[in-house]
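Chemist: After the structure tokens below, expect a handful of questions from me.
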Amino acid sequence: MTSNAQETTPVVSVVTPMFNEAANVTRTVTEIRRVLDTLGVAWELIMVDDGSTDETLMRAHAEAKSDPHVRVITYTPNRGRGYALRQGFRAAHGTIVLSTDFDLSYSADHLALLYQYLQDNRSVDMVLGSAYMPGGSVCGVPRMRLLISRVGNLLLRLAFPWRLHTITCVLRGYRREVLDSMLLVSNGKEIHLEILSKALDLGFNVAEIPATLTARKKGRSKSRLRRTSCSHLAFLFFEKPIIVFGGVGIVLLSAGVIAGGYVTYLRYAGRLNPARPLVFLSVLLVITGMQMISFGLLALLLRDQRRSLYRLQQQQRLLNNSATQPRVVPHP
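If you want our numbering, it's the position in the sequence shown, counting the first as 1, plus 15.
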């Protein structure tokens, strides 16, 4: 269900999911409105209520009623950030689509920076806000959460060919064609990984800009650290299986070679007992290691097939979009 609509097609759409954020509604809308009004183009703010159980929806509707630029999407029950973002992206009309946290852990001023970067760099299709790249900063975030976030992003960097510093941030800017080209399925926070992975597979150019991450000022964080960590590690496994299979295979193969070398030494030293388990262990380690490496290579082939599938999906979606009513491109 949606509320409010504009007669003028917006250039910029801001999508922000919310769940039990009643304490932040007024502040967030005010701050985002302040920034977007400075852009000099038509804009819309799409707040996606992800099944809130407090007064979030009531306050959001009040904001939408008083400002035609503000729209509200709502549904029940709570389905996760990924589902909320997908609904917001689907409803957005702008040629530039921005997303951000509802609690403004990254200040609303970053939205203008994302928009300006895409305007100034026409070859860039998607831009990420990064607190961990040179020039970025973190303020007031609990140390343990910050440590886990940094380590997680460091590990996830292994899954991508580009040198990116912050993989999981919701602060992003997209050209419309990026979102129109991919079929998104994630319901949780892993949607950030899915979008980035598919964007790179489809050949879109991705860049980062420095950002400042601050601690939440009102309300409580809805992040489920254990669940998010598990889903991100699973993504790393599926995105770069050679890291797991290849790593384990190399360790086992190396152990088998070392054990085999020791067995060979015992053989020529005349001290080898053929019945010793070490003989069978060395053979088992070598065979298992080679099998694991083979699984890793096979997984790489499957990963390439998945990239081909993404490209076919992109072509199909573009054909479907061209068959429908053409999008009106607004003038700034």
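Note that beta-carbon positions come from the ideal geometry of N, C-alpha and C, so glycine has one too.
Every value quoted in this text rests on a predicted model; they were computed, and no experiment measured them.
Find the nearest neighbour of C154 within the set D140, L169, L171, L119, judged by alpha-carbon distance.
Modeler: Here residue 154 is taken as the residue at index 139 of the sequence shown, counted from 1. Comparing Cα positions, the closest option is L119.
Chemist: Would Q320 be called buried (16 or more neighbouring beta carbons within 10 Å of its own) or exposed?
Modeler: Within the sequence shown, residue 320 is the residue found at index 305, counting from 1. Counting the other Cβ atoms within 10 Å of the Cβ of Q320 gives fewer than 16, which makes it exposed.
Chemist: Excluding the 5 residues flanking G275 on each side, which residues of the same chain have their C-beta closer than 6 Å to its C-beta?
Modeler: As a first step, residue 275 must be located in the sequence shown, where it is residue number 260. Cβ within range, chain order: S297.
Chemist: Short of 6 Å in beta carbon distance, which residues of its chain neighbour R94, apart from the five on each side in sequence? Order them along the chain.
Modeler: As a working note, residue 94 is residue 79 in the sequence shown. Correct list, in chain order: N202.
Chemist: Any contact between the stretch 56-74 and the stretch 143-152? By contact I mean 3 or more CB pairs, one from each, below 8 Å.
Modeler: no
Chemist: Grab me the residues of E59's own chain with a C-beta within less than 8 Å of its C-beta, minus the 5 sequence neighbours each way, in chain order.
Modeler: Counted from its first residue, the sequence shown places residue 59 at position 44. Leaving aside the five residues that flank E59 on each side, the residues in its chain whose CB is nearer than 8 Å to its CB run, in chain order, Q21, P25, V27, S28, V29, H84, V85, R86, A107, H108, G109.
Chemist: Any idea which residues DSSP pairs E223 with across the strands?
Modeler: If you number the sequence shown from 1, residue 223 lands on position 208. E223 pairs with L143.
Chemist: Let me know if S114 comes out buried or exposed under the rule of 16 or more other beta-carbons within 10 Å of its beta-carbon.
Modeler: As a first step, residue 114 must be located in the sequence shown, where it is residue number 99. Buried, by the Cβ-count rule.
Chemist: Span of the beta strand (DSSP E) holding S152?
Modeler: Working through the sequence shown from its first residue, we reach residue 152 at position 137. Unbroken beta strand (DSSP E) run through S152: 152-154.
Chemist: Output the distance between the C-alpha atoms of N335 and L72, rounded to the nearest integer angstrom.
Modeler: Along the sequence shown, read from residue 1 onward, the residue named residue 335 stands at position 320. Along the sequence shown, read from residue 1 onward, the residue named residue 72 stands at position 57. Looking at the two C-alpha atoms, the distance is approximately 34 Å.
Chemist: Would you report the Cα separation of A77 and V166, rounded to the nearest angstrom?
Modeler: Sequence index remark: in the sequence shown, residue 77 carries index 62 (1-based). Sequence index remark: in the sequence shown, residue 166 carries index 151 (1-based). So the two alpha carbons sit approximately 41 Å from each other.
Chemist: I'd like the list of long-range same chain contacts for M305, defined as Cβ closer than 8 Å, with 5 residues on each side in sequence excluded.
Modeler: The residue labelled residue 305 in the question sits at position 290 within the sequence shown. If we look at M305 and ignore the five residues flanking it on each side, its Cβ neighbours are G264, L268.
Chemist: Helix, strand or coil, according to DSSP, for E209 in the structure here?
Modeler: Counted from its first residue, the sequence shown places residue 209 at position 194. DSSP places E209 in helix when its eight states are reduced to three.
Chemist: If distances are taken between C-alpha atoms only, which option among V156, E70, S81 comes closest to T227?
Modeler: Within the sequence shown, the letter at position 212 stands for residue 227. The residue among V156, E70, S81 with its C-alpha nearest the C-alpha of T227 is V156.
Chemist: For G188, which beta-bridge partners are listed by DSSP?
Modeler: Position 173 of the sequence shown, counted from the start, is the residue given in the question as residue 188. Looking at the DSSP assignment, G188 forms a beta bridge with L113, V142.
Chemist: Taking Cβ positions only, does Q134 come closer than 9 Å to chain D?
Modeler: In the structure shown, chain D cannot be found, because there is only a single protein chain.
Chemist: Going by Cα to Cα distance, which pick from V278, L300, Y283 is closest to A290?
Modeler: Here residue 290 corresponds to residue number 275 of the sequence shown, with the count starting at 1. Of the candidates V278, L300, Y283, the one whose C-alpha sits nearest the C-alpha of A290 is V278.
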